[in-house]
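For the sequence shown, full-length UniProt numbering assigns the number 1 to the initial residue and increments by one for each residue that follows. Structure first, commentary second.
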Amino acid sequence: MDQRFENYRSEMINLITSRYELNGAVQSEIPNLDFYFSKELTEQINIMYEPSLCVILQGDKAVGFGENNYGYDHKMYLLSSTHLPAKMKILKASNETPYISLRIKFTLENIYEVLKALDSQQTNLDENAEKGLFFDDMNIQLYESLYRFMKLLERSKKDIEFLYPLLTKEILYNLVKSQGGAFLSKFCMEGSVSNKIVQVITYIKDHFNEKLNINTLAKSIDMSESSLYQHFKTITTLSPIQFQKKLRLEEAKRLLQLQNKEISEVAFAVGYESPSQFSREFSRMFGLSPKAFANLRIEGV
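This is the structure we're talking about:
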């Protein structure tokens, strides 16, 4: 990477470290921009990606997606096309040089608007889906627009409100012009296989605590059940039922962290009919029973 990258990166790191406590997830003053900090290495952590651009400014990370692991650092960026369960493991961090990453969330409608303005939509619909995460080398045009976006942290609230949509659009413009553009285009194009699966993912996310009817979902996107399973698994690495289970358990974890509720209440709230099944699956995913996890909150651990 040329010296311009290092200059921009150094300035962004200084901008962030002078404003925030470098501990965990932090929402910034700029809408749809948040940070993640760590001063130590981690074991694998379950995460849920949203449609977003993710960039590491300092440190290294491994992302587990399905059976594959992907390592990346500040020389690359990650794109998530939709809501995707994954795992992350921080590989390089210390008190002196903490891990620092940022995430800018967007919608596929945002991407579609840019594609339409550039007349860059695909003319041929994709016949097969591809995995929902995309990694690519950082380019200077994208990094410069990212730097300008980050400089909004120095501006007034009114300036941020007016300028952040414009600077977000500039970032998306540079994404569309890069290798990420072809990737995102498949998910935005109405009628494409990838876009149809995104519709199903969105439905499951919005109705995660309800029973799934795969046949009805398949008919809603004009696809056979077997094709739905195949393409869904390609994009998310999971079946629709497994994806729903991940969403349910992550929501249960959030409820247990925030609220003093009975385990059975939480189980029913996220869609389980059997509290014992909920406890088994929660323990399998997080390595602790729901009760033990709730006790950590009570003890302030």
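Each residue gets a CB set at the ideal place from its N, CA and C atoms; glycine is no exception.
- The DSSP-derived three-state label of residue 36 is strand.
- Inclusion of residue 55 and residue 37 in the CB contact set at 8 Å is not warranted, their separation being larger than that value.
- Note on residue 108: 16 or more other CB atoms within 10 angstroms of its CB, so buried under the neighbour-count rule.
- When the Cα atoms are used, residue 96 and residue 58 turn out to be separated by approximately 11 Å.
- One alpha carbon belongs to residue 223, the other to residue 190, and they sit about 14 Å apart.
- CA-CA distance, residue 148 to residue 237, rounds to 35 Å.
- The shortest C-alpha to C-alpha distance from residue 165 to any of 275, 110, 277, 284 is the one to 110.
- When DSSP assignments are scanned along the UniProt domain "HTH araC/xylS-type" (198-296), the uninterrupted stretches of alpha helix (DSSP H) that are 4 or more residues long and fall wholly within it turn out to be 214-220, 225-236, 240-258, 263-269, 275-286.
- When C-beta atoms of the stretch 85-93 are compared with those of the stretch 8-23, fewer than three pairs fall below 8 Å, so the two segments do not count as touching.
- Distance from residue 255 to residue 269 at the Cβ level is roughly 7 Å; contact confirmed, criterion being Cβ atoms closer than 8 Å.
- Looking at the DSSP output, residue 79 bridges to 53, 134.
- Distance between residue 30 and residue 145, taken at the CA atoms: about 15 Å.
- Linking residue 131 to residue 210 through their CA atoms gives a straight-line distance of about 26 Å.
- Here the alpha carbons of residue 258 and residue 240 stand approximately 27 Å from one another.
- Within the same chain, 136, 139, 142 come within 7 Å of residue 178 by CB-CB distance, once the 5 residues on both sides are set aside.
- Considering only 277, 71, 150, the residue with the shortest C-alpha distance to residue 8 is 150.
- In this structure, the beta-carbon distance from residue 60 to residue 92 falls below 8 Å.
- For residue 114 against residue 173, the beta-carbon gap comes to about 6 Å, under 8 Å, which counts as contact.
- For residue 195, the three-state secondary structure derived from DSSP is helix.
- Of the candidates 194, 226, 133, 19, 133 places its Cα closest to the Cα of residue 51.
- Residue burial is scored here from C-beta neighbours: residue 103 has at least 16 other C-beta atoms within 10 angstroms and is therefore classed as buried.
- Going by DSSP, residue 68 is part of no alpha helix (DSSP H) but of the beta strand (DSSP E) stretching over 68-72.
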